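Chemist: Residue numbers (full-length UniProt numbering): 1 to 217. Note that the Cβ used here is the ideal one computed from N, Cα and C, for glycine as well. Nothing here was measured: the structure is a model prediction, and the numbers come from that model. Sharing a structure, written as structure tokens. Questions coming.
So, in structure tokens, the structure goes:
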């Protein structure tokens with residue numbers, strides 16, 4: 001938990017850095033009407049940012065929110081399901097900013113999810129060739145903007161954390177390298193009105209760990 005909270009104020013990358021003096025702000029996000037090429041809006045800044053079309057949104061019986069997101073990579077369909085928990089806990093930091101912490105699940109939708117994982121490994125340029133996405137990946141989550149319990153009321157920006165199961169051997173010392181420990185972070189932006197889901201990279205050091213986290217064991 002301490003590692004997660006400290007990461008919120010890290011300097012790796014801001015989701016939306018301020019525009020430099022004299023430059024134009026970034027253009028508003030456009031609505032989607034069909035699955036796009038997932039890299040169609042990725043900028044040449046060293047980060048791999050993916051854009052997907054929200055094909056389905058539903059409130060599940062337990063109150064959680066299910067979102068299906070789809071896109072194309074090399075003309076091949078890719079997709080996955082994201083489930084946001086029904087309850088989130090508010091917390092306020094020392095400067096008065098309020099965040100909502102909760103959990104999320106990333107679930108496989110079959111062959112299209114396997115293709116998403118393969119695309120992720122390719123775009124991240126890691127020396128891994130996963131063939132199957134894990135049926136379900138458990139994630140810790142902190143909402144940086146918006147209400148994750150009511151994404152239909154406006155855009156939501158969430159920072160996701162994959163925290164591998166700790167064993168007696170791994171709890172003694174903190175891994176020096178993120179890849180060794182399996183810990184990973186990334187961002188997800190959700191805009192139901194525009195039918196957009198953005199899967200945004202946090203830092204390149206998490207690439208191998210993230211591909212491994214999403215791979216079937």
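Taking the alpha carbon of residue 132 as the reference point, which residue from 67, 120, 146 and 113 has its own alpha carbon closest?
Modeler: The count along the chain shown starts at 1 and reaches residue 132 at position 132. For the residues 67, 120, 146 and 113, the minimum Cα distance to residue 132 belongs to 113.
Chemist: Comparing C-alpha positions only, which one of 76, 126 and 140 sits nearest to residue 205?
Modeler: Along the chain shown, one-based indexing puts residue 205 at 205. Residue 126 is the option with its Cα nearest to residue 205.
Chemist: With a 10 Å radius around its C-beta and 16 neighbouring C-beta atoms as the bar for buried, classify residue 102 as buried or exposed.
Modeler: In the chain shown, residue 102 corresponds to position 102, counting from 1. It counts as buried.
Chemist: Look up residue 196 in the DSSP assignment and say whether it is helix, strand or coil.
Modeler: Counted from its first residue, the chain shown places residue 196 at position 196. The answer is strand: DSSP assigns residue 196 an E or B state.
Chemist: Thinking just about the alpha-carbon of each residue, which of 104, 211 and 193 is nearest to the one in residue 128?
Modeler: Here residue 128 corresponds to residue number 128 of the chain shown, with the count starting at 1. It is 211 whose Cα lies nearest to the Cα of residue 128.
Chemist: Beta carbon of residue 58, beta carbon of residue 35: below 7 angstroms?
Modeler: Looking up residue 58 in the chain shown gives position 58. Looking up residue 35 in the chain shown gives position 35. In this structure, residue 35 does not lie closer than 7 angstroms to residue 58 by Cβ.
Chemist: Going by the CB atoms, is the gap between residue 136 and residue 226 shorter than 7 angstroms?
Modeler: Shown here, the chain extends from 1 to 217; a query on residue 226 therefore has no answer.
Chemist: Buried or exposed, going by whether 16 or more other CB atoms sit within 10 Å of the CB of residue 151?
Modeler: The count along the chain shown starts at 1 and reaches residue 151 at position 151. So residue 151 ends up on the buried side.
Chemist: Helix, strand or coil for residue 154 per DSSP?
Modeler: On the chain shown, residue 154 is found 154 positions in, with the first residue counted as 1. In this structure, residue 154 counts as coil in the three-state DSSP scheme.
Chemist: Output needed for residue 98: all residues of its chain with C-beta closer than 8 angstroms, excluding positions within five of it in sequence on either side, in chain order.
Modeler: As a working mapping, residue 98 is identified with position 98 in the chain shown. Excluding sequence neighbours, residue 98 sits near 90, 91 and 92.
Chemist: Tell me where the beta strand (DSSP E) around residue 65 begins and ends.
Modeler: As a working mapping, residue 65 is identified with position 65 in the chain shown. 65 to 73 is the extent of the beta strand (DSSP E) around residue 65.
Chemist: Quick one: grab the DSSP three-state call for residue 202.
Modeler: In the chain shown, the residue the question calls residue 202 occupies position 202. DSSP places residue 202 in coil when its eight states are reduced to three.
Chemist: On the premise that residue 145 lies in contact with residue 157, defined as a C-beta separation below 8 angstroms, what is that separation, rounded to the nearest angstrom?
Modeler: As a first step, residue 157 must be located in the chain shown, where it is residue number 157. As a first step, residue 145 must be located in the chain shown, where it is residue number 145. Residue 157 to residue 145, Cβ: 4 angstroms. Contact.
Chemist: Give the range of the alpha helix (DSSP H) segment to which residue 207 is assigned.
Modeler: The residue you call residue 207 lines up with position 207 of the chain shown. Run containing residue 207: 207 to 214, per the alpha helix (DSSP H) assignment.
Chemist: Using the C-alpha atoms, what's the distance from residue 31 back to residue 154?
Modeler: Position 154 of the chain shown, counting from 1, holds the residue named residue 154. Position 31 of the chain shown, counting from 1, holds the residue named residue 31. One C-alpha to the other measures close to 14 angstroms.
Chemist: Please list, in chain order, all residues of the same chain as residue 139 whose beta carbon is under 8 angstroms from its beta carbon, the five residues on each side excluded.
Modeler: Sequence index remark: in the chain shown, residue 139 carries index 139 (1-based). Here the set comprises 103, 104, 105, 106, 160, 161 and 162.
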